[in-house]
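A.B. asks: Before I ask anything, here is the structure I am working with.
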Amino acid sequence: MAAQPSIVPVILAGGSGTRLWPISRDSLPKQFLPLSTSGNTLYQDTLKRVAPGETFTAPLIVTNEEFRFFAQRQAREIGIEPTVVLEPVRRDSAPALLAATLLAQQLHGEEAFILVLAADHVIGDEASFRKACRKAMNAAELGHIVTFGITPTEARSSYGYIRRGSAVNGGSAARVETFAEKPSVDVARTYIDEGYLWNSGNFLFRADVMMAEAEQFEPAICGAVRHAVAHSTGDLGFCRLGPQFASAPAVSIDYAVMERTSRAAVVEGAFPWSDVGSWKALHEISEADEDGNVLRGPVTVMDAKSSYFHSEGPLVAAIGVEGVSVIATGDAVLVMPSERSEDVKKLVASMKSQQHNEANEHPRCYRPWGSYETINLGSRFRVKKIVVDPGEQLSLQKHHHRAEHWIVVHGTAEVTVGQKVFTVHENESTYIPLGEVHRLANPGRIPLELIEVQVGSYLGEDDIQRLEDIYHRA
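First residue of the sequence shown: 1, per UniProt numbering; consecutive thereafter.
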C-alpha cells in the first residue's frame, strides 16, 4: 500500500484575541501566551502537534508585521523552522488561507494537501487528533474540503454547528448538510439532540480543489491574493506578501467557500477541544481545586467557589465570592460574573472608543531585540525596565524631546553615544543627552537588564528617529 503524501500545516496566527483581555491585547494576543497546562504558548502547542516528520512538512505561518518575531522565535525555541508569511494588512481568514495555499503549491505542488489550523486552540489527545487527520486526508483525496467537527459536551451559543449529511469514504466522513451560525442556548440543545457537531474552524483539503472553489465564489479575493503572492519578497527570513493583498475583500473562509461549496465534508474529532475564546472557556480547561477555583499567580481566597483568579503582579485576595472571574495585570483589573465572559469583547471595543491605551497595549511591550515595560510615569519623566536578548541590539536612533539615563542591573551593555562606543557593566550607568545619536546592544550570552529614566517635554514612543536598524524598521 502506497504511503500517504505529506500534509502541509498552515497555521493562522494573526488574530488579536480581545476576549481574553487584559492579558491578551492587540500588541500581545493569546496565541503567543502560555495559557495551556503544557507550559508552552498556544502557538507552540499547535506547532508541536504538527511537527515536521513522516506526516507533516515544515509549517507555513500566516501572521502580520507586529507578530513576526513572536512567530519566528517561539517556533525556533521548540526546534521548528517555519516559513513565516506576513500580511500587509489583516483581511480575515479567506485571503490569509488562500495566500498560504498558493505558497504551498509553489513549495509542494499543485495538488498539495493542506491542514489549516488556528494558532490559539487547545486540543487534547494527540493520537485521536492524528487519527482524525488521517480520516480527513482520505476524504480530501476524493476532492472534498474537510472540516473538523467536535462532539459537543454541552449546548453553547458561542460556537457554530454542523449538520451531517450522507456518508463519504465508507463512513469515515460525511457531507456537510448545513452550517448553522451561533444559535441561542435553546436552539443549541435542539442541535445536539439532532446530532450536530461544533464547527472547530480547522480544515484539510487539496490545494487545487480549494483554489478552484474560491475562484468560483470569490474571484476578487483570488485575484488580489495571486498578485500579492506573485509580488511577495523575502525580508530577514520572512515572506512579505505584496501590497495588492490589501485590495482583497475581508471575508472569512467559512463564508467565502465552506458555506457555499458542494464539496464540504466533515470528520468528527473525538478529542477534547477548545478555542479558548473566553475566560469561562479557560477556566473549563484548567485544573481546579476542590472548590472549583482556579488560582494562577499571587492569589489568596477565602470561602470562594467556582471562580477563576489570574494575577500577573499584584496580590489578588477574595472573600465569599462564587462564579466570578478576576484577572489582574500591572495596569488593569477585570472583575465580572464568569457567565458574562462573552461580553469582554464588547467592553474592549468600548474602551478603544474611549481611547484607553490599556485596551491595545500590553504593559510589557515586545520588540525584535527583547522587551520593555513602564515602571513609573509622570508629567516629565518615565521609568522603564528594558531587557535586551543576547546578541541583539536596538536601532541607531535619536530623540528630539527627551534625554535618557541608563543603569545596568544585569549583564553587560555595549553603548554607542555619538562617535563613542563603550561598555557599561552591572551597577554602572551612562547618560544620553537630548538629540544625541545612540544605540544599545547586548554583546553577552545572558539577557541584559537595565533601568531607563527618560526626562523631557514629550515621552511618547513615536519620538524615535531611527537612522539604522538591523530589523529593517528604519
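Note that the Cβ used here is the ideal one computed from N, Cα and C, for glycine as well.
(1) Under the rule that 16 or more other beta-carbon atoms within 10 Å means buried, what is residue 346, buried or exposed?
(2) Between the segment 314-326 and the segment 292-300, do at least 3 Cβ pairs fall closer than 8 Å?
(3) DSSP three-state label for residue 501, please.
(4) Taking Cβ to Cβ, would you say residue 151 is nearer than 8 Å to residue 284?
(5) Assess contact between the segment 443-458 and the segment 402-415, defined as three or more Cβ pairs (one per stretch) separated by less than 8 Å. Is contact present?
(6) So what does DSSP say about residue 345, is it helix, strand or coil?
(7) Given this structure, state the Cα-to-Cα distance separating residue 40 from residue 51, to the nearest angstrom.
(8) Looking at the strands, I want to know which residues DSSP matches up with residue 465.
(9) Quick one: Cα of residue 1 to Cα of residue 134, how far?
(10) In the structure shown, what three-state DSSP assignment does residue 357 receive?
(11) Please list the terminal residues of the continuous beta strand (DSSP E) segment that includes residue 179.
(12) Would you check if the distance between the CB atom of residue 287 and the CB atom of residue 305 is smaller than 8 Å?
(13) Can we say the segment 195-208 touches the segment 151-169, given the rule of at least three CB pairs closer than 8 Å?
(14) Expressed to the nearest angstrom, what Euclidean distance is found between the alpha-carbon atoms of residue 332 and residue 358?
(15) Run through DSSP, which three-state label would residue 379 get?
(16) Would you kindly check if the distance between the Cβ of residue 29 and the Cβ of residue 60 is under 8 Å?
(17) Assuming residue 208 is part of the alpha helix (DSSP H), what are its boundary residues?
(18) How many Å lie between residue 224 and residue 466 at the Cα?
(19) Taking the C-alpha atoms as reference points, what is the distance between residue 172 and residue 385?
(20) Just how far apart, CA to CA, sit residue 387 and residue 427?
(21) At which residue ranges does the segment 51-79 contain complete beta strand (DSSP E) runs of 3 or more residues, listed in the order of the chain?
(22) Nearest-angstrom Cα distance between residue 167 and residue 138?
(23) Pairing CB atoms from the segment 101-119 with CB atoms from the segment 5-22, are three or more of them under 8 Å?
(24) Leaving out the 5 sequence neighbours to the left and right, which residues in its chain are closer than 6 Å to residue 539 when beta-carbon positions are compared?
(25) Give me the Cβ distance between residue 113 and residue 204, rounded to the nearest whole Å; I'm assuming they're in contact under 8 Å.
(26) Taking just the CA atoms, how far does residue 210 sit from residue 43?
(27) Here's the rule I'm using: 16 or more other beta-carbon atoms within 10 Å means buried, otherwise exposed. How should residue 473 be labelled?
(28) Taking just the CA atoms, how far does residue 418 sit from residue 402?
(29) So, residue 273 versus residue 20, is the Cβ gap smaller than 8 Å?
(30) Does residue 23 come out as helix, strand or coil in the three-state DSSP assignment?
(31) Does DSSP put residue 308 in a helix, a strand or coil?
C.D. replies: Based on what the coordinates show:
(1) Residue numbering aside, residue 346 sits at position 346 when the sequence shown is read from its first letter. Burial is judged here by how many other beta carbons sit within 10 angstroms of a residue's own beta carbon; residue 346 has fewer than 16 and is exposed.
(2) With the cut-off at 8 Å, the segment 314-326 and the segment 292-300 touch.
(3) Residue numbering for the chain in the displayed model covers 1 to 474; residue 501 lies beyond these limits and cannot be assessed.
(4) Here residue 151 refers to the residue found at position 151 when the sequence shown is read from its first residue. Here residue 284 refers to the residue found at position 284 when the sequence shown is read from its first residue. It is not a contact, given that the beta carbons lie outside the stated cut-off.
(5) Segments in contact, yes.
(6) If you number the sequence shown from 1, residue 345 lands on position 345. The answer is helix: DSSP assigns residue 345 an H, G or I state.
(7) By one-based count along the sequence shown, residue 40 stands at place 40. By one-based count along the sequence shown, residue 51 stands at place 51. Going from the Cα of residue 40 to the Cα of residue 51 covers about 14 Å.
(8) On the sequence shown, position 465 is the one that residue 465 refers to. As a beta-bridge residue in DSSP terms, residue 465 pairs with 398.
(9) Locating residue 1 in the sequence shown gives position 1, where the first residue counts as 1. Locating residue 134 in the sequence shown gives position 134, where the first residue counts as 1. Any answer about residue 1 is weak, because its pLDDT of 40 lies below 50 and its placement is not dependable; what the coordinates show is given next. For residue 1 and residue 134, the distance between alpha carbons rounds to 15 Å.
(10) On the sequence shown, residue 357 is found 357 positions in, with the first residue counted as 1. Collapsing the DSSP output to three states places residue 357 in a helix.
(11) Reading the sequence shown from its first residue, position 179 is the one you call residue 179. Residue 179 -> beta strand (DSSP E) spans 173-180.
(12) To locate residue 287, count along the sequence shown from 1; it is residue 287. To locate residue 305, count along the sequence shown from 1; it is residue 305. In this structure, residue 287 lies away from residue 305, with their beta-carbon atoms at least 8 Å apart.
(13) With the cut-off at 8 Å, the segment 195-208 and the segment 151-169 touch.
(14) Position 332 of the sequence shown, counted from the start, is the residue given in the question as residue 332. Position 358 of the sequence shown, counted from the start, is the residue given in the question as residue 358. Near 7 Å, if we compare the C-alpha coordinates of residue 358 and residue 332.
(15) As a position in the sequence shown, residue 379 is number 379, starting the count at 1. Of the three classes helix, strand and coil, the one that applies to residue 379 here is coil, per DSSP.
(16) The residue given as residue 60 occupies position 60 in the sequence shown. The residue given as residue 29 occupies position 29 in the sequence shown. Between residue 60 and residue 29, the C-beta spacing is not below 8 Å.
(17) On the sequence shown, position 208 is the one that residue 208 refers to. That run of the alpha helix (DSSP H) goes 207-217.
(18) Position 224 of the sequence shown, counting from 1, holds the residue named residue 224. Position 466 of the sequence shown, counting from 1, holds the residue named residue 466. Going from the Cα of residue 224 to the Cα of residue 466 covers about 32 Å.
(19) Within the sequence shown, residue 172 is the residue found at index 172, counting from 1. Within the sequence shown, residue 385 is the residue found at index 385, counting from 1. One C-alpha to the other measures close to 55 Å.
(20) Reading the sequence shown from its first residue, position 387 is the one you call residue 387. Reading the sequence shown from its first residue, position 427 is the one you call residue 427. Those two C-alpha atoms are separated by around 15 Å.
(21) Qualifying beta strand (DSSP E) stretches, in chain order: 60-64.
(22) The sequence position of residue 167 within the sequence shown is 167, counting from 1. The sequence position of residue 138 within the sequence shown is 138, counting from 1. Each residue's Cα considered, the two are about 13 Å apart.
(23) Enough Cβ pairs lie closer than 8 Å, so yes.
(24) Summary: the structure shown does not reach residue 539, with the chain confined to residues 1 through 474, and so no result is reported for it.
(25) Your numbering for residue 113 matches position 113 in the sequence shown. Your numbering for residue 204 matches position 204 in the sequence shown. Yes, residue 113 and residue 204 are in contact; Cβ-Cβ is about 7 Å, under 8 Å.
(26) Taking the first residue of the sequence shown as 1, we reach residue 43 at position 43. Taking the first residue of the sequence shown as 1, we reach residue 210 at position 210. Distance between the alpha carbons of residue 43 and residue 210: 25 Å.
(27) For this step, residue 473 is matched to residue 473 along the sequence shown. Residue 473 is exposed by the Cβ-count criterion.
(28) Taking the sequence shown and counting its residues from 1, the one referred to as residue 402 is at position 402. Taking the sequence shown and counting its residues from 1, the one referred to as residue 418 is at position 418. Answer to the nearest angstrom: the Cα atoms are 16 Å apart.
(29) Counting from 1 along the sequence shown, the entry for residue 273 is found at position 273. Counting from 1 along the sequence shown, the entry for residue 20 is found at position 20. No. Outside cutoff.
(30) As a working mapping, residue 23 is identified with position 23 in the sequence shown. Residue state for residue 23 is assigned as coil, using DSSP reduced to three classes.
(31) Taking the first residue of the sequence shown as position 1, residue 308 is located at position 308. Under the three-state reduction of DSSP, residue 308 is assigned to strand.
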